[in-house]
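Per the working numbering, the very first residue in the sequence shown carries number 59; after that it's consecutive.
C-beta: ideal position from N, C-alpha, C; glycine also.
It should be emphasised that the depicted structure is a prediction, and the values quoted were computed from it without experimental measurement.
The next block holds one structure in the form of C-alpha cells; read it before the comments.
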Amino acid sequence: MNLDFKDKKVLLRVDFNVPLNDKFQVTDDTRIRRALPTIKHILKEGGAAVIMSHLGRPQKKKNEDGSINVEKFTLQHVVPQLSKLLKGVKVMFCPVTVGKQAKEMAKALKPGEVLVVENTRFDAGESKGDEALAKKMAQLGSLYVNDAFGTAHRKHASTATVAQFFKPKKKAFGFLMEAEIANATKVLNNPERPLTAIVGGAKVSDKMLLLEKLIDLADNIIVGGGMAYTFFKAQGGNIGNSLVEDDRLKLANKLLAKAKKKKVNIYLPKDSMTADDFSPKAKRAVKYSKRIPKGWMGLDIGEKAQKEFTEVILNSKTILWNGPMGVFEMKPFAKGTKTIAKAVAKATKKGAFSLVGGGDSVAAVNQMGLNDQVSYVSTGGGAMLEFLEGKELPGIKAMKS
Ligand code: AMP
C-alpha cells in the first residue's frame, strides 16, 4: 500500500458481508478481522477511513412494497463489532451510501477516525457497475483502497467502476487483497511439486473450469464430495441415489481422458459412507462408490478413500483445497472432510504450502480450529475460484488503469 495517507480521506472498499443471527449480531467476524491490518495502517499513517461494503442481497430480498429491507440489511449491524475490534477508534455510521449527508460526514472526519457508509447494494446501480453511482462514491475520499477480495470477481460500482475516478498514484490494494493475490499466484506460478489439488463440493458444473485448469497445472487431483458421483456414473458405476449431473457425464469422461493424456493422477474416492436418506438420522453403510445400492446415496468419502487421499496429501509440496469431501454440515458425514483437513495441516507442518479457498472448505478448517495450521485461508469463495481458473478479476483489473 504505497500511498501517503497523512491527512487524507481514504475511500476503502472492504468485504464485510458477514453472517448475522436473528438479532442482527455478527456470528463470524473473520472478514472484519481480516480487513483490520489495512484499516489500522491507514489510521496510523494519519488518514481517515470512509468504509464501504455490501451486506447480503438487499435487491433480491425487498419488502413486499418493493422498498429495501433496511432493518435486515443495514451495514450498521457490523459497526458494534468493528468498533470493538478497533478499540479506542471513533467509528461513525452514515445511513446513506453516497450523496449530501455522506459527503458532509466524510468531510468532517478527523485523522484516525472511521466512517462506515450504508450498504452499497441499497442502490441498484452497485451491481450494474453504474458510473454515476461510482462517481458519487469517489467524492467521499481523495484516495481509494480496495481490500475486498471476496467481491473482486464482481464488476460493481464500488469494487471496479469507482477505481477509474482515481489516478494510478491515488489508489492501491489493501493488505488482504495483496495477500490473497500473492498466495493464489504462488499456486499458479512455479509451485513446488508435487502439486495436489483437492476439489470437492456439490457440483461438477460449478468446478468445471477449475478442473480443466488444474489438469494443466497439478500433478494430482483428488475429487471428493457430491461431484465425484458424476464421474462414477460416467464410468458406468452404480451410484444409487447419489447426487449426479446427468448432463455432465460426457464432460466428466472428457476430463478423465484429458488428465490421463497429460499424466495427471486423478483420485476418486474408492469407497463412500452411504445413507438411505439425506439426513443425519439415516441408516448408514460403507460401500464401494461404484456399487451403491438402489435407494442409497454417497454422502461422504469412506475409510479407504481417506487413507489413500491422506497419503497423496502427505507426499505433496503444494496443496490447494476447494470444497468439502462430504455433507460435512451433518456430523455423521463430516469425517472425510475432517480427515482431509488434518492431513493438509500435517503436510503443512512437514513443509508444504497449503492454500484453502472456497467457502465450505474454509468453514471446515475454521470449525476444526486448524486455520492457523494451513499456510493460507482465503476469504474469497467465488473470487478465489475465478482467480485460480485463470480469469482476470474485474476488481483487480480496474486498479491497473
Ligand atoms: P460447494 O459450495 O460446491 O463447495 O458445495 C458444498 C456443498 O456440497 C456442501 O453444502 C455439502 O453439503 C455438499 N456436498 C458435499 N458432498 C456431498 C454429497 N456427497 N452429496 C450431496 N451434497 C454434498
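>> On a Cα-Cα basis, can you pick out the residue from VAL84, LYS449, LYS407, ALA399 that is closest to GLN425?
In response: ALA399
>> Would ALA363 and LYS389 qualify as a contact pair, given that the criterion is a beta-carbon distance under 9 Å?
In response: no
> Residues bridged to ASP358 by DSSP?
Replying inline: Beta-bridge pairing links ASP358 to MET331.
> From LYS193 to GLN222, what does the alpha carbon distance come to, in whole angstroms?
Replying inline: 9 Å
>> Using a Cβ-based criterion (distance less than 8 Å to any ligand heavy atom), does LYS318 qualify as near the ligand AMP?
In response: no
> According to DSSP, is THR376 helix, strand or coil?
Replying inline: strand
>> Looking at the secondary structure, which residues open and close the alpha helix (DSSP H) in which SER200 lies?
In response: Per DSSP, SER200 is not a residue of any alpha helix (DSSP H), being assigned neither H nor E.
> So what's VAL423 in DSSP terms, helix, strand or just coil?
Replying inline: helix
>> At a cut-off of 8 Å, would you count TYR287 as near the ligand AMP, judging by its Cβ distance to the nearest heavy atom?
In response: Using a cutoff of 8 Å, the CB of TYR287 counts as near the ligand AMP, since one of the ligand's heavy atoms is closer than that.
> Out of GLY427, GLN83, TRP354, MET355, which has the shortest C-alpha to C-alpha gap to GLN134?
Replying inline: GLN83
> ASN323 lies in the beta strand (DSSP E); which residues open and close that run?
Replying inline: 323-325
> Which residue comes first and which comes last in the beta strand (DSSP E) that contains MET163?
Replying inline: Counting along the chain, MET163 falls outside any beta strand (DSSP E), though it belongs to the alpha helix (DSSP H) covering 158-166.
>> Just checking ASP335 against the ligand AMP - is the residue's beta carbon closer than 8 Å to any of the ligand's heavy atoms?
In response: no
> In or out: SER419 buried (at least 16 other Cβ within 10 Å) or exposed?
Replying inline: buried
> Can you name the residues that DSSP bridges to THR254?
Replying inline: ASN278, ILE377
> Along the chain, which unbroken stretches of the alpha helix (DSSP H) at least 4 residues long are found entirely within the stretch 278-324?
Replying inline: 286-292, 307-319
> Which of the three DSSP states, helix, strand or coil, is assigned to MET457?
Replying inline: helix
> Just the Cα atoms here: how many angstroms apart are MET235 and ALA317?
Replying inline: 32 Å
> CB-CB under 6 Å to GLY199, same chain, minus the five flanking residues each way: which ones, in chain order?
Replying inline: These residues qualify, in order along the chain: LYS67, VAL68, LEU69, VAL108.
>> In whole angstroms, give me the CA-to-CA distance for ASN429 and LYS168.
In response: Answer to the nearest angstrom: the Cα atoms are 36 Å apart.
> LEU303: buried (16+ other C-beta within 10 angstroms of its C-beta) or exposed?
Replying inline: The residue asked about is misnamed: residue 303 is Glu in this sequence, not Leu. Buried.
> Exposed or buried, which one is ASP358 when buried takes at least 16 other CB atoms within 10 Å?
Replying inline: buried
> With respect to 8 Å, is the separation between the Cβ of ASP329 and the closest non-hydrogen atom of the ligand NAD below this value?
Replying inline: This structure lacks the ligand NAD; the ligands present are the ligand AMP.
>> Using a Cβ-based criterion (distance less than 8 Å to any ligand heavy atom), does PRO351 qualify as near the ligand AMP?
In response: no
>> When you compare the CB positions of ALA206 and ARG342, do they come within less than 9 Å of one another, or not?
In response: No Cβ-Cβ contact shorter than 9 Å links ALA206 with ARG342.
> So GLY375 and ALA410 are in contact, right, with Cβ under 8 Å, and what is the actual spacing, rounded?
Replying inline: The question names Gly, but residue 375 is Lys in the sequence shown. LYS375 to ALA410, Cβ: 5 Å. Contact.
> Between which two residues does the beta strand (DSSP E) containing ILE109 stretch?
Replying inline: Residues 106-110.
>> Counting C-beta neighbours from all protein chains within 10 Å, is the total for ARG306 16 or more, i.e. buried, or is it exposed?
In response: Buried is the call here.
> Are the Cβ atoms of VAL245 and LEU268 separated by less than 9 Å?
Replying inline: no
>> Less than 9 Å between the C-beta atoms of ALA310 and VAL262, yes or no?
In response: yes
> Just to confirm, does ALA363 get its C-beta within under 8 Å of one of the non-hydrogen atoms of the ligand AMP?
Replying inline: no
>> So, at 7 Å on beta carbons, what are the nonlocal neighbours of ASN60 in its own chain, with the 5 sequence-adjacent residues on each side left out?
In response: ALA230
> Touch check for the stretch 151-167 and the stretch 75-93: three-plus C-beta pairs under 8 Å?
Replying inline: In this structure the stretch 151-167 does not lie against the stretch 75-93, because fewer than three pairs of beta carbons, one per stretch, are closer than 8 Å.
> For ALA255 versus ILE377, is the C-beta spacing smaller than 9 Å?
Replying inline: yes
>> Let me check one thing: in DSSP terms, what residues is SER412 bridge-paired to?
In response: ILE377
>> Quick check on ALA192: does DSSP put it in helix, strand or coil?
In response: helix
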